[in-house]
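2 protein chains.
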Amino acid sequence: MDSLEEKTVKSETIFEGKIVKLVVDDVVLPNGAMSKREIVKHPGAVAVIAITPENKMIMVEQFRKPLENTIVEIPAGKIEPNEAPELTAGRELEEETGYKTEDLTHLVSFYTSPGFADELLHIYLAGDIHKQANPLQADEDEFVNILEVSLDEALQLIEENVICDAKTVYAVQYWQLRNAIN
Amino acid sequence: MDSLEEKTVKSETIFEGKIVKLVVDDVVLPNGAMSKREIVKHPGAVAVIAITPENKMIMVEQFRKPLENTIVEIPAGKIEPNEAPELTAGRELEEETGYKTEDLTHLVSFYTSPGFADELLHIYLAGDIHKQANPLQADEDEFVNILEVSLDEALQLIEENVICDAKTVYAVQYWQLRNAIN
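Protein sequence lines correspond, in order, to chains X and U.
If you read the first sequence in the UniProt record's numbering, its first letter stands for residue 1, the second for the next number, and so on.
If you read the second sequence in the UniProt record's numbering, its first letter stands for residue 1, the second for the next number, and so on.
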């Protein structure tokens, strides 16, 4: 669909941070008019759906500064330079929860907010998870509480807006669907 | 969970654009150490799941500058100042697709990327949709093609990474789940 394409005539980097980079592009629209696009560049991230033998999903409670609130999410983290997403997934699961897996299945990848950001999030399903005696340590600026929640509890946490982010809402719905078709 | 909270000691606005605002906060971590948080502020958005009487989901094909690619999404748009999300939902559906509805049910709201952005996306289910003879006009810098896709086609488009954003992947899974439990 070439007719929808927007051609860049100028690209200005406004900010380069530790996590995000902000760029403003001047573009030519399909009708020839000019516009500006504000673009947040992000290295990408992974998230892990991990269900225990007791049929609980492993989640982490974490303060999220953009929301000024503590919310409950599936384990996730951003991809380090040159790191394969599957390695990130195993590493983040272990760092954040102390659980290890050698069995990761890629379920889906999606852009979290394609209107203004290029963040691509890869979601994996972890099979055969087991507690590590000496797990990898979390990032020094990351503090989380680990939770194990049943499907009913997860649905209740969505009702209460405690589970309130795209990847975790997706993960709970994935769990519902898996139960419904099995 | 007060113990996970990060206290702001300084907040610097780096950029204020038409869509996003970028802020860098200096924070005190739960262990007393200092860190920086890069935060993208966004007015919030809505998306609409609209299924025709022929059991096709209405989608739009749109060029997304952050991805440098044309992708297929459910109708969506950002909330205007002081606009109730439900009004945004009805307006965006009509502007982008020419379909109108008086029947919107709120399904879920989620933060698209809580690690670095405060964008909250509200998803509505549209009932009783009907083509408008003279629909509202789209934004002058927005160009879309309208598609109607079956569930099988939607699943195929996910396989092909043409449907590849959080809200639309969620919407297709919602549709699968609704079919599975009905």
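C-beta atoms are modelled at their ideal positions from N, C-alpha and C, and glycine is treated no differently.
Asked: Cross-strand partners of U/GLY115 (DSSP beta bridge); Found: Per DSSP, none; premise fails for U/GLY115.
Asked: Below-8 Å beta-carbon distance, U/THR70 vs any chain X residue; Found: yes
Asked: Buried or exposed (CB count within 10 angstroms, at least 16 for buried), U/GLU119; Found: buried
Asked: Chain U contact for X/CYS164 (CB, 8 Å cutoff); Found: yes
Asked: Contact list for the region 24–39 of chain X against chain U, Cβ threshold 8 Å; Found: VAL24, ASP25, VAL27, LEU29, PRO30, ASN31, ALA33, SER35, LYS36, ARG37, GLU38 and ILE39
Asked: Cβ of U/LEU151 within 8 Å of any chain X Cβ; Found: no
Asked: Cβ of X/VAL48 within 8 Å of any chain U Cβ; Found: no
Asked: Counted within 10 angstroms of its Cβ, other Cβ atoms place X/PRO75 as buried (16 or more) or exposed; Found: buried
Asked: Contacting positions in the region 52–66 of chain X - beta carbon closer than 9 Å to chain U; Found: GLU61, GLN62, PHE63, ARG64, LYS65 and PRO66
Asked: Residues in the region 130–148 of chain U having any Cβ partner in chain X nearer than 7 Å; Found: ASP141, PHE143 and ASN145
Asked: Members of the region 12–23 of chain X that neighbour chain U once the beta carbon cut-off is set at 8 Å; Found: ILE14, PHE15, GLY17, LYS18, ILE19, VAL20 and LEU22
Asked: Where X/VAL40 sits in the DSSP three-state scheme; Found: strand
Asked: Contacts that X/TYR99 makes with chain U (C-beta to C-beta distance below 7 Å); Found: Within chain U, no residue comes near X/TYR99; the closest Cβ sits about 20 Å away, beyond 7 Å.
Asked: Buried versus exposed, by CB contacts within 10 Å (16 or more), U/HIS42; Found: buried
Asked: Contact with chain X by U/VAL9, beta-carbon distance below 8 Å; Found: no
Asked: Sequence-distant residues of its chain with Cβ nearer than 6 Å to X/LEU151 (five each side left out); Found: TRP175
Asked: Residue from U/ILE39, U/GLU6 and U/LYS21 with nearest C-alpha to U/ASN31; Found: U/GLU6
Asked: Backbone CA spacing between X/MET34 and U/GLU140 [nearest angstrom]; Found: 11 Å
Asked: Segment limits, beta strand (DSSP E) that includes X/LEU22; Found: 21–28
Asked: Beta-ladder partner(s) of U/THR70, from DSSP; Found: U/PHE63
Asked: Segment contact flag, the region 80–87 of chain X with the region 153–165 of chain X, C-beta cutoff 8 Å, min 3 pairs; Found: no
Asked: X/GLN173 versus U/ALA166: straight-line alpha-carbon distance, rounded; Found: 13 Å
Asked: Cβ-based neighbour list, U/MET1, same chain, cut-off 8 Å, excluding 5 preceding and 5 following; Found: Any reading at U/MET1 must be qualified, since the residue scores a pLDDT of 45, below 50, and its modelled position is unreliable; no value is offered.
Asked: Same chain, Cβ closer than 6 Å to X/ALA171, five either side skipped, listed in chain order; Found: ILE49 and ILE74
Asked: Stretch pair the region 125–144 of chain X + the region 9–21 of chain U: three plus CB contacts closer than 8 Å; Found: no
Asked: Close beta carbons around X/ASP103, own chain, < 6 Å, minus the five adjacent residues each side; Found: GLY127 and ASP128
Asked: Own chain, CB closer than 6 Å to X/THR97, minus 5 neighbours either side, in chain order; Found: ILE58, PRO75 and ILE146
Asked: Amino acids of chain U, ordered along the chain, whose beta-carbon sits closer than 7 Å to that of X/THR105; Found: Under the 7 Å cutoff, chain U gives no residues; its nearest Cβ is about 15 Å from X/THR105.
Asked: Proximal residues of chain X, C-beta to C-beta of U/ILE181 below 8 Å; Found: ALA180
Asked: Exposed unless 16 or more other CB atoms sit within 10 angstroms - verdict on X/LYS65; Found: buried
Asked: Close beta carbons around X/GLU12, own chain, < 6 Å, minus the five adjacent residues each side; Found: VAL24
Asked: The ligand ZN heavy atom lying under 7 Å from the CB of X/ARG178; Found: This structure lacks the ligand ZN; in fact it carries no ligand of any kind.
Asked: X/GLU83 at chain U interface by Cβ criterion, 8 Å; Found: no
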